[in-house]
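S.K.: My questions will all concern the structure given below.
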Amino acid sequence: MPIQLDLIDFVRRRQTTDEGDGAVTESPAAAGPDKQADAGFALDVGRAVYSALIMRPVFELEARRFRLGDADDPGVIWDGLDLLWLAFAILDVISELTEYQSGATRAEILDRICPLARKQAAACGIEATGEGLADVLGKVFDHLVNRHNRYLPFEYTWFDGTAGEYRHRRFWLIKTVYTGEGREALFTLTDEGYTAYFGLHETGALDATAIGNLRIKLLIERGNVADAISVADGNRKQCARKALEVRTTRRQIRRNIHAVDFGRVRALAEDGVSQATTIQKEGRRLHNMVVESLTRSAGNRHEATLHRLAERLERLNTQLMNLTTELQQLPDDYDYHSFKLFRRRSLGAFPPMEAVMRRLCRLGEDDAARVGAEFIARIDPPAQRTLFDPAAVIEACDRALERQNVPGDRSQPVHEIDGSPIRRFESELNDRLMHDAFELVHDMVASDGEVLLSRLLEAASHRAAAADDGDLLPVAVAMAVFQCTVERRLAARHRIRVAVHDPGLRVTVPLCAGRRYRGHDIRLIHQGAVRAPEVSP
């Protein structure tokens, strides 16, 4: 972890300094204020304290000796049993019971942990009764769920050396789950509970992603693929959280580079790249393990879920690659904007927003109310509207024209003084001509039973040649056949079924007025009336 590496480097630097000085050592007072503290050590200590608070409820079990109980031997059991082992065993049992269900009841957890506690009591030579073990285990479980404080989250105060103030952290190790079924409470591990269970301290988004990869591996080994998908989604959110931190730092470099420490930027880039690369390798191994499970379990009921998990892991690896690229480019962005460090601030410019907002947030409620109106007026002054605005005149004209445009006038024809009326398109294939074409097609198909399109067009051409104004009858017949091909209801109404005679055959049929038809020779088949089914007596 980055914190451990920083502590190791700090100890090595101190050892090197002591060896170089020999037997001569300086007192803290003579060393000076610059040599007494490291610039980055306060930040590392704050992160270590923040992450170590997760283990504090477990460590408090040794300090809380619940010797008062209903049984006769709780004090002997408390002195002999390993309470830390029991606490982590409870976390392990809950993680195992919640593989295929949303939570586990208190009775189920204590029933699973009681044989393990009995083996431990036998190993240390304690003759404990079942009632005494149940009493001790119940109190350990009640402490981990914070039952004496109405199941509220644990809340601890810690000192942030960087900000110089005390902060609070609230979290659950084991939390109740509401399912709406039954009256007995169900318990499950939270993210902090899994962090304590794996023995890792979360110090950032990438550390949470590493913990998530361990959870995914554990869930895959136990066969709980659905929860592994939800953990993969959580890892994606943690990567997005780290990317947001990088983008915020980059935006701060562009806006106010004086407020950004280059040591912090370099540490963020180096540690982030190494962590992201390690997590990416672990994610790639998880992806390969899921793919191997897919190849082995072909046709399994978890195949679709494994496919989704493989897709999520692949997206997570891509997101980590992009995050690594952004982290590597962060020092280059600082170098690119470093010329702003030597630029004198112009007179009358606003101070950095980060410094102003920090000072405003520290003000009291009354003081903030007094300066709030003036502060808002300076940042967002009232807009001044000009007396004459051409856009307002055009908008007023548009509103006047809209009032004059009556909805009933739209259907009336538009008459222009110097213009010609608009010609409307009128098809030459009118309703009477199409009616004659459909009648011709229906009569020939009904009389012959089966007619080719070429023969039908020839008959239409002969009839058009005999008439004076029937040049468009073959075209109307072709259009009627096309409509029967496209619209099944129209073909069914005329009792016609359309089929292709020979797909590789093309025909050319001369029509009237120099027209020709070139294409497939379609076969038109007559379909008789469908009789109603006979009802058996």
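In numbering that gives the first Met the number 0, the protein residues as written are 0 to 536. Cβ atoms here follow ideal geometry from the backbone N, Cα and C, with glycine treated the same way.
#1: Quick check on residue 158: does DSSP put it in helix, strand or coil?
#2: Go to residue 269, then tell me how far its alpha helix (DSSP H) extends in each direction, as first and last residue.
#3: Run through DSSP, which three-state label would residue 425 get?
#4: Going straight from the alpha carbon of residue 526 to that of residue 465, what length do you get?
#5: Just confirm the distance between the C-beta atoms of residue 241 and residue 322, as a whole number of angstroms; I'd bet it's less than 8 Å.
#6: Say whether the region 138-158 touches the region 54-62, bearing in mind that this needs 3 or more beta-carbon pairs closer than 8 Å, one atom from each stretch.
#7: Looking at the unbroken alpha helix (DSSP H) that takes in residue 450, where does it start and where does it end?
#8: Would you mind sorting residue 134 into buried or exposed? The rule is 16 or more other CB atoms within 10 Å of its CB.
#9: Taking 7 Å as the limit between beta carbons, can you name the residues of its chain near residue 44, skipping five residues before and five after?
#10: Could you check whether residue 125 and residue 75 sit closer than 7 Å to each other, using their CB atoms as the reference points?
#11: If you draw a straight line from the C-alpha of residue 437 to the C-alpha of residue 507, how long is it?
#12: Within 10 angstroms of its Cβ, does residue 120 collect 16 or more other Cβ (buried), or is it exposed?
#13: Could you tell me the alpha carbon to alpha carbon distance between residue 39 and residue 128, rounded to whole angstroms?
#14: Here's the rule: buried if 16 or more other CB atoms are within 10 angstroms of the residue's CB, otherwise exposed. What is residue 23?
#15: Do the region 206-219 and the region 323-330 meet, that is, are 3 or more Cβ pairs less than 8 Å apart?
#16: Residue 521 and residue 497 look like a contact to me (Cβ under 8 Å); what is the Cβ gap, rounded to whole Å?
#17: So, under 8 Å CB-CB, residue 132 and residue 122 are touching, yes? Tell me the CB distance rounded to an integer number of Å.
#18: Entirely within the region 93-139 and at least 4 residues each: give me those alpha helix (DSSP H) ranges in chain order.
#19: What does the alpha-carbon distance come out to for the pair residue 276 and residue 238?
#20: How big is the Cα-Cα spacing for residue 365 and residue 170?
#21: Taking 7 Å as the cut-off, decide whether the C-beta atoms of residue 314 and residue 228 are in contact.
#22: With a floor of 4 residues, list each alpha helix (DSSP H) that falls wholly inside the region 450-513, ordered by position along the chain.
#23: Apart from the five residues just before and just after residue 100, which ones in its own chain have a Cβ nearer than 7 Å to its Cβ?
#24: Contact between the region 327-342 and the region 263-278 is defined here as three or more beta-carbon pairs at a separation below 8 Å; is this criterion met?
#25: How about residue 264 and residue 251: do their beta carbons lie closer than 7 Å?
M.R.: According to the data block:
#1: strand
#2: 261-295
#3: coil
#4: 30 Å
#5: 6 Å
#6: yes
#7: Unbroken run through residue 450 is the beta strand (DSSP E), 449-451; no alpha helix (DSSP H).
#8: buried
#9: 160
#10: yes
#11: 22 Å
#12: buried
#13: Unreliable positioning characterises residue 39 in this predicted model, as indicated by a pLDDT of 44, which lies under 50. A coordinate reading is not provided.
#14: For residue 23, the predicted structure reports a pLDDT of 40, less than 50, and the residue's modelled location is therefore unreliable. A value from the coordinates is still provided. Looking at its Cβ environment, which holds fewer than 16 other Cβ atoms inside 10 Å, residue 23 is exposed.
#15: no
#16: 6 Å
#17: Not quite, the Cβ-Cβ distance comes to about 14 Å (not below 8 Å), so this is no contact.
#18: 105-122
#19: 13 Å
#20: 33 Å
#21: no
#22: 452-465, 472-485, 487-492
#23: none
#24: yes
#25: no
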